[in-house]
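Participant: There's a structure below that I have some questions on.
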Amino acid sequence: MRTDRTPGRVRSELLAAGTWSARHGVARVAMKRARKQGDLQAQLFSDPAVRADPFPLYARIRERGPVVKGSFLAATASHAVAGATLRSDAFGVVSDPEALPPLARWLMTRPNRTIGPVTPPSMLAVDPPDHTRYRRLVSKVFTARAMAAMRGRVGDLADELLDRAERESRADRARGGAPVDLVSRYASLLPVTIIAEILGVPTEMRSTFIAWGGTAAPVLDIGLSYREYRRVDRAIRELNEWMAGHFTRLRRDPGDDLLSQLVRAEHELTETELLAIAGLLLAAGFETTVNLIGNGAALLLKHPDQLADLRADPAGWGNAVEEILRYESPVQNTARRALRDTEVAGVRVRENTFLSVLIGGANRDPEVFDDPDRFDVHRANAREHLAFSSGVHYCLGAALARIEGEEALRRLFERYPNLAAAGTPRRRPTRTLRGYDELPVRLG
Ligand code: HEM
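In UniProt numbering, the protein residues as written are 1 to 444.
Below you can see the structure in the form of structure tokens.
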């Protein structure tokens, strides 16, 4: 096979390799070395057994102290420190280009780069004042009240998707019978359809969005291999290109959806900022909630007594969703950088410390949650979890995600009293996002 060696191609390969080295390559080498020396954080980000069950390691990190220094990163699994860090203005995002060496800074900010969710100008990857400016433009649409008005639509859609899954399952059974995969037929379709409707992007595109989202999901992890990074980068680039074409269509023929409003606010946003906001809203809108629904379904199937309580008293579903978010947080970690010497929850942290905030660990902190490794839908303080983060980056879609989780799970379990697991679920290979790729069930 001939490889394309044109100067343009060689240049783009070199840029990709440079960007990978700056974002993942150096961390990958440092992590491998640190893991051999027994560094707990390195195990967290690179040990396959830990990916399957990170909770014992979070407990070990917490036992060592509220902030544990590793050879390349500090970490906290303490609820008090995690919450205080996320709310403190002495901490900023880790992706600020100003904090990087000159070559890495140029690679992260060069024109024609891929615009992803964890590099500027994504809302998730910038500090105020830019963050405030982006968030102001979209927050009006995601108010708790506006989302409450969506509940009826979310419920109707859940029913429609279950009607279809049931029809398909009957057809499958007639052909010899196969279990229904709850993730692909239900948990992923519900949030992607709702966010597509809110943004005003065509719902016929939803399987393409799911495919791009699934391929790009490891972008939140650190230390990707070059091959994985290239796959992720290609998926994000395809989304960028599709979105740019969609903006062109909206400029010609605007609607009254959120993206049309953002395109109209063009004097306030560059094209790159517009791409970053739209791409983040779309991907964050479904890549996380799919895990809430999948994790919730798996947990309740494993705890039939608690499921029976919910069937008997549907008022408990709101708290059950909080407990699912606490116990199996769909976003397991984030990170912050200390902008100056500071103190969080009584712990001193030096300027420029990179602190991994282990959300999944903070949510199992026994200082806050009694018997934290027990799943309990009746837990009185389940809502104190940090699954949606805290502070200025607090999840914009939290109200929507809660409604989607509640409606999706309640309708599923009320409709199918004999719903049962039918095979081994398969976990997603990602570390930051925790959920299932496949969850085979029999509807009953
Ligand atoms: C169960 C579902 C969800 C979970 C667990 C979740 C979790 C999170 C977390 C942990 C963050 C902050 C990360 C950090 O502090 O570094 C975040 C931010 C964000 N989320 Fe969600 N999310 C969910 C659903 C959604 C939905 C449905 C949307 C739809 C719009 C959304 C949009 C966003 C956006 C735009 C941000 C960035 C906010 C900012 O930087 O100011 N999320 N989410």
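Even glycine gets a Cβ: it sits at the ideal position worked out from N, Cα and C.
1. Identify which residue in Leu107, Val50 and Lys32 has its Cα closest to the Cα of Ala16.
2. If I measure Cβ to Cβ from Arg185 and keep anything under 8 Å in the same chain, skipping five residues before and after, which residues do I get?
3. Output the boundary residues of the beta strand (DSSP E) element that contains Pro440.
4. Is it buried or exposed, Met1, if we count other Cβ atoms within 10 angstroms and call 16 or more buried?
5. Below 6 Å CB to CB, which residues in the same chain sit around Gly18 once its five sequence neighbours on both sides are set aside?
6. Is the segment 66-81 in contact with the segment 327-345, if contact means three or more CB pairs nearer than 8 Å?
7. DSSP state of Val192, grouped into three classes?
8. Following a CB-centred definition, is Arg410 positioned closer than 7 Å to any heavy atom of the ligand HEM?
9. Using 7 Å as the cut-off, classify the Cβ of Ser356 as near or not near the heavy atoms of the ligand HEM, replying yes or no.
10. Could you give the residue range of the alpha helix (DSSP H) that holds Phe354?
11. Under 7 Å: does the beta carbon of Ser88 sit that close to some heavy atom of the ligand HEM?
12. Can you tell me whether residue 446 is buried or exposed, with buried defined as 16 or more other CB within 10 angstroms of its CB?
13. When the Cβ atoms of the segment 110-129 are set against those of the segment 26-35, are three or more pairs found closer than 8 Å?
14. Does the distance from the C-beta atom of Leu182 to that of Val441 stay below 8 Å?
15. Judging by CA-CA distance, which residue of Val138, Ala278 and Thr143 is the nearest neighbour of Val201?
16. Following a CB-centred definition, is Phe413 positioned closer than 7 Å to any heavy atom of the ligand HEM?
17. Heavy atom of the ligand ZN less than 7 Å from the Cβ of Gly285, yes or no?
18. Looking only at its own chain, which residues have a Cβ that is under 7 Å from the Cβ of Met243, when we skip the five neighbours before and after it?
Facilitator: According to the data block:
1. Of the listed residues, the one whose Cα sits closest to Ala16 is Leu107.
2. For Arg185, where only same-chain residues beyond five positions count, the Cβ hits under 8 Å are Leu161, Arg164, Ala165 and Glu168.
3. Note, Pro440: beta strand (DSSP E), Pro440 to Arg442.
4. Note that Met1 scores a pLDDT of 46, beneath 50, so its modelled location is shaky and nothing firm can be said.
5. Answer for Gly18: Leu107, listed in chain order.
6. With a cut-off of 8 Å, the segment 327-345 and the segment 66-81 count as touching, because enough Cβ pairs lie within range.
7. The DSSP-derived three-state label of Val192 is helix.
8. No, since every heavy atom of the ligand HEM falls outside the 7 Å radius drawn around the Cβ of Arg410.
9. Checking every heavy atom of the ligand HEM against the Cβ of Ser356, none is found closer than 7 Å.
10. Segment Phe354 to Val357 is the beta strand (DSSP E) holding Phe354; no alpha helix (DSSP H) there.
11. Checking every heavy atom of the ligand HEM against the Cβ of Ser88, none is found closer than 7 Å.
12. The structure shown has nothing for residue 446, since the chain only spans 1 to 444.
13. The segment 110-129 makes no contact with the segment 26-35; the number of CB pairs closer than 8 Å stays below 3.
14. Cβ distance < 8 Å, so Leu182 and Val441 count as in contact.
15. The residue with the shortest Cα to Cα distance from Val201 is Ala278.
16. Phe413: no, Cβ never under 7 Å from the ligand HEM.
17. No copy of the ligand ZN occurs in the structure displayed; its ligands are the ligand HEM alone.
18. The beta carbon of Met243 is closer than 7 Å to those of Leu275, Ala278 and Gly279 in its chain, skipping five residues each way along the sequence.
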